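Peer 1: Note that UniProt numbering gives residue 9 to position 9 of the sequence shown, counting from 1, and the numbers run on in steps of one. For every residue, glycine included, the Cβ atom is placed at its ideal position computed from N, Cα and C. Just so you know, these numbers come straight off a predicted model, no measurement behind them.
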Amino acid sequence: MDGSTFAIARLTLPEAAAERLRTLIIEGELAPGARLNERELSERLGVSRTPLREAFRMLAADGLLVQLPNRGAQVVALSRDDVRHAFEVMAALEGLSGELAAARVTGQDVEELQTLQAEMEQAHERHDLPTYYRVNRAIHERINGIAGNPILTQTFKTLNTRLHALRFRSNLVRAKWDQAVAEHRQMIEALAVRDGAGLRDILIRHLKAKRQAVLESMIAGSGDAAVPNA
């Protein structure tokens, strides 16, 4: 499957279109501040404008798009202050997730995470950032799920949805990507020995590094609206 097609399975047309658009935003093909051309996207995704507009509404509800009266939809562009504030909260949420997960993790959970970690490292070795990011995302969501707190999970998902694109792009510099891989190894090791305080600290440090990478990218792009999707 290439970037211009999207297999629709077990999803409604609007849901399928929304998932494909989400990927295009996360991977930077639809950049922050970009206006969405309904005709082009309708042809690219193979759907009519009615389900496409519903997909726009779904992504606007997730905070990824803004719908402009009589002007269509536009990809949200976060300011530097938005990034600082969002990552501060996400670091706290991830740290709490890690602390709770360490107290509730099972041996099977650890094995599943180790499998994901191995898959993620293989993607890193072959420089496959899209696959790496999908597995990376699954690891963070799995740790959050193990924490077993539905309110925490909902808050985590709501905020993380807005940060997916920024987190993806934070690995574009190879040294920072290598650092992230090493930090993930430390996460799984801490979880395996149920070191809640250690896992919390690693996750907070990991998110602070992501925030710094994103801010450096924004500064290099000279301006808030020039944020590349990470």
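Bridge partners of V83, per DSSP?
Peer 2: Along the sequence shown, one-based indexing puts residue 83 at 83. V83 pairs with nothing; no bridge assigned.
Peer 1: For G72, which beta-bridge partners are listed by DSSP?
Peer 2: Along the sequence shown, read from residue 1 onward, the residue named residue 72 stands at position 72. According to DSSP, G72 bridges with L68.
Peer 1: For the stretch 125–172, list the alpha helix (DSSP H) runs that are entirely contained and at least 4 residues long, ordered along the chain.
Peer 2: As far as the stretch 125–172 is concerned, its whole alpha helix (DSSP H) runs of at least 4 residues are 129–147, 150–169.
Peer 1: In whole angstroms, what is the alpha-carbon distance linking T153 and H184?
Peer 2: For the purposes of this step, residue 153 is taken as the residue at position 153 of the sequence shown. For the purposes of this step, residue 184 is taken as the residue at position 184 of the sequence shown. If I take the Cα positions, the gap works out to 20 Å.
Peer 1: Which stretch, first to last residue, makes up the alpha helix (DSSP H) that contains S217?
Peer 2: For this step, residue 217 is matched to residue 217 along the sequence shown. 196–220 is the span of the alpha helix (DSSP H), which, as asked, contains S217.
Peer 1: From R167 to N70, what distance separates their C-alpha atoms?
Peer 2: Position 167 of the sequence shown, counted from the first residue, corresponds to residue 167. Position 70 of the sequence shown, counted from the first residue, corresponds to residue 70. Taking the straight line from one Cα to the other gives about 32 Å.
Peer 1: Hey, out of V75, T50, N136, N171, whose CA is closest to A118's CA?
Peer 2: Residue mapping note: residue 118 aligns to position 118 of the sequence shown, counting from 1. For A118, the nearest C-alpha among the options comes from N136.
Peer 1: Report the start-end ranges of each alpha helix (DSSP H) in the UniProt domain "HTH gntR-type" (11–78) that is 4 residues or longer and not cut off at the edges.
Peer 2: Counting whole runs of 4 or more residues, the UniProt domain "HTH gntR-type" (11–78) contains the alpha helix (DSSP H) stretches 13–26, 38–45, 49–61.
Peer 1: Assign P150 to buried or exposed, taking buried as 16 or more other Cβ atoms, counted over all protein chains shown, within 10 Å of its Cβ.
Peer 2: To locate residue 150, count along the sequence shown from 1; it is residue 150. Classification for P150: exposed.
Peer 1: Given a cut-off of 8 Å on the beta-carbon distance, is the pair L203 and A102 in contact?
Peer 2: Residue numbering aside, residue 203 sits at position 203 when the sequence shown is read from its first letter. Residue numbering aside, residue 102 sits at position 102 when the sequence shown is read from its first letter. No, they are not a contact pair.
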